[in-house]
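Residue numbers (our numbering): 141 to 527. The beta carbon of each residue, even a glycine, is placed where N, CA and C say it ideally should be. Heads up, the thing below is written out as structure tokens.
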């Protein structure tokens with residue numbers, strides 16, 4: 141049996157790099173982790189307004205993710221669980237509530253009444269919930285690939301697709317046309333059916349903090365921008381976690397506004413996302429509550445050349461459709477590299493470079509998600525330990 145190299149460098153301190161370091165430590169190998177910024181966490185970041193966490197981009201934790209179950213202690217994250225449904229703030233001013241009544245009976249009557257979905261849509265959705273939740277992850281990834289929008293058109297009405305699927309899953313994939321592969325769609329659908337979407341009390345940064353607390357032997361060097369060539373001059377093997385310069389990305393902008401505690405929907409929108417179908421500005425809203433104030437989070441798909449004009453449009457759209465009047469802007473994040481664009485997703489990494497001194501890692505190699513970043517990090521560590 142070959143002995144693993146103990147001289148391994150990890151370039152990039154995002155989720156994938158942290159998991160790679162944890163896996164190496166667990167095997168008695170203590171790597172050096174180089175991070176070009178002043179913090180670990182990569183694209184997962186959280187600022188605070190008083191005691192309210194403001195994530196860089198609307199992010200949630202899917203509790204059914206296999207890698208989340210493996211690496212995180214969810215009990216200490218003080219999770220705020222989202223109900224399995226959504227408010228739909230329609231363009232005509234009507235507001236509807238649609239959800240999974242089998243998991244939350246309070247959604248039954250509102251869903252029956254909702255005009256955004258026809259009776260046939262609701263029956264088909266129930267059948268799809270049962271079908272997809274019964275699939276294994278391997279079965280989902282082994283199916284014939286096609287765009288999500290094509291799959292939806294074969295099952296649901298155009299109205300239901302436009303009113304629910306496009307804003308809900310468009311907000312997850314950060315692209316409005318749902319050209320994302322149906323494999324990714326059914327994987328996420330499966331995870332929603334098996335668990336819940338949740339938000340840690342201290343924001344998604346709490347995920348990073350929990351993982352970093354477990355790093356005890358890794359040498360972490362912040363503010364160190366190191367190339368692959370430089371790393372190979374110092375180390376036997378390198379785990380490279382950041383994407384190439386030609387990698388394409390989906391972007392997003394999120395605006396955080398002060399909100400009166402007496403504002404309409406301020407309580408329910410803590411646990412249910414609000415969708416804005418057919419909007420050129422805001423895609424979704426969510427309310428965060430602290431001890432003394434409330435914050436309205438408004439997310440836009442893509443990035444704008446004029447964020448101030450986008451903010452004005454978002455304010456107008458929210459007020460017109462929901463009656464909610466956003467207050468003072470407290471924070472705005474414009475994130476050009478939010479999710480990697482992946483032409484061909486895969487569940488497991490390519491093993492063709494198993495003998496290379498450079499091992500690639502990151503969700504951009506598999507599919508865009510926290511789960512993929514964790515899985516990729518573990519696989520990279522295993523490859524690095526091969527002779």
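- Buried versus exposed, by CB contacts within 10 Å (16 or more), residue 234: Walking along the chain shown from the start, residue 234 turns up at place 94. With fewer than 16 Cβ atoms within 10 Å of its Cβ, residue 234 is classed as exposed.
- Task: Report the three-state DSSP secondary structure of residue 144 (helix, strand or coil).
- Result: As a working mapping, residue 144 is identified with position 4 in the chain shown. Interpretation of residue 144 is limited by its pLDDT of 42, a score under 50 that renders its predicted location unreliable; the figure taken from the coordinates is listed afterwards. Looking at residue 144 - three-state DSSP - the assignment turns out to be coil, as it is neither helix nor strand.
- If you draw a straight line from the C-alpha of residue 255 to the C-alpha of residue 380, how long is it? Residue mapping note: residue 255 aligns to position 115 of the chain shown, counting from 1. Residue mapping note: residue 380 aligns to position 240 of the chain shown, counting from 1. Those two C-alpha atoms are separated by around 49 Å.
- Query: Quick one: any contact between the segment 405-416 and the segment 426-433, if contact means 3 or more CB pairs under 8 Å?
  - Reply: The segment 405-416 vs the segment 426-433: in contact.
- Could you work out which residue in 165, 369 and 322 is closest to residue 482 when comparing CA atoms only? If you number the chain shown from 1, residue 482 lands on position 342. Out of 165, 369 and 322, the CA that lies nearest to the CA of residue 482 is found in 322.
- Query: Do three or more CB pairs link the segment 171-182 to the segment 203-211 at distances below 8 Å?
  - Reply: No: the two stretches stay apart, fewer than three of their Cβ pairs being nearer than 8 Å.
- Do you know whose CA, among 223, 451 and 232, lies nearest residue 240's CA? Sequence index remark: in the chain shown, residue 240 carries index 100 (1-based). If we check each option's Cα against that of residue 240, 223 comes out closest.
- Task: Can you tell me which of the three DSSP states residue 309 falls into?
- Result: The count along the chain shown starts at 1 and reaches residue 309 at position 169. In the structure shown, residue 309 sits in a helix (DSSP, three-state: H, G or I).
- Compare the beta carbon distance of residue 292 and residue 441 with 7 Å and say whether it is the shorter of the two. Taking the chain shown and counting its residues from 1, one reaches residue 292 at position 152. Taking the chain shown and counting its residues from 1, one reaches residue 441 at position 301. No, the pair does not count as a contact, with Cβ atoms beyond the cut-off.
- What is the rounded straight-line gap between the Cα of residue 282 and the Cα of residue 519? Position 142 of the chain shown, counted from the first residue, corresponds to residue 282. Position 379 of the chain shown, counted from the first residue, corresponds to residue 519. About 20 Å.
- Mind checking if residue 277 is an interface residue toward chain C, Cβ cutoff 7 Å exclusive? The displayed structure is made up of one protein chain only, and chain C is not part of it.
- Message: What does DSSP give as the partner residue(s) for residue 192 in the beta ladder?
- Response: Taking the chain shown and counting its residues from 1, one reaches residue 192 at position 52. Partner(s): 189.
- Nearest to residue 488 by alpha carbon, out of 171, 506 and 350? In the chain shown, counting from the first residue as 1, residue 488 sits at position 348. Here the closest residue by C-alpha is 506.
- Message: Is the beta carbon of residue 453 closer than 7 Å to that of residue 421?
- Response: Along the chain shown, read from residue 1 onward, the residue named residue 421 stands at position 281. Along the chain shown, read from residue 1 onward, the residue named residue 453 stands at position 313. Against a cut-off of 7 Å, the Cβ pair of residue 453 and residue 421 comes out as a contact.
- Query: Thinking C-alpha only, which one of 242, 243, 252 and 423 is nearest residue 236?
  - Reply: If you number the chain shown from 1, residue 236 lands on position 96. Of the residues 242, 243, 252 and 423, the one whose Cα lies closest to the Cα of residue 236 is 252.
- Query: When the Cα atoms are used, what is the spatial distance from residue 350 to residue 294?
  - Reply: Looking up residue 350 in the chain shown gives position 210. Looking up residue 294 in the chain shown gives position 154. Spanning the two alpha carbons is a distance of roughly 43 Å.
- Message: So the candidates are 397, 370 and 444; which of them puts its Cα closest to the Cα of residue 391?
- Response: The residue given as residue 391 occupies position 251 in the chain shown. Residue 444 holds the alpha-carbon nearest to the alpha-carbon of residue 391 among 397, 370 and 444.
- Query: Taking DSSP as the reference, what is the three-state secondary structure of residue 380?
  - Reply: By 1-based counting over the chain shown, the position of residue 380 is 240. Of the three classes helix, strand and coil, the one that applies to residue 380 here is strand, per DSSP.
- Message: Taking the beta strand (DSSP E) that residue 301 belongs to, which residues open and close that run?
- Response: Working through the chain shown from its first residue, we reach residue 301 at position 161. Careful: residue 301 lies outside any beta strand (DSSP E) and carries neither H nor E.
- What is the rounded straight-line gap between the Cα of residue 433 and the Cα of residue 189? Along the chain shown, read from residue 1 onward, the residue named residue 433 stands at position 293. Along the chain shown, read from residue 1 onward, the residue named residue 189 stands at position 49. Residue 433 and residue 189 have their C-alpha atoms some 10 Å from each other.
- Task: Would you grab the beta carbon distance between residue 450 and residue 155 for me? Rounded to a whole angstrom, and I think it's under 8 Å.
- Result: Start at 1 with the first residue of the chain shown, and residue 450 comes out as number 310. Start at 1 with the first residue of the chain shown, and residue 155 comes out as number 15. Between the beta-carbon of residue 450 and that of residue 155 there is about 29 Å, and that puts the pair past the 8 Å contact cut.
- Cα-Cα separation, residue 289 to residue 316: Reading the chain shown from its first residue, position 149 is the one you call residue 289. Reading the chain shown from its first residue, position 176 is the one you call residue 316. C-alpha separation (whole angstroms): 10 Å.
- Message: Going by C-alpha to C-alpha distance, which of 378, 465 and 157 sits closest to residue 496?
- Response: Taking the first residue of the chain shown as 1, we reach residue 496 at position 356. When only C-alpha atoms are compared, the closest one is 378.
- Task: Compare the Cα-Cα distances from residue 387 to each of 174, 478 and 512 and report the closest residue.
- Result: The sequence position of residue 387 within the chain shown is 247, counting from 1. It is 478.
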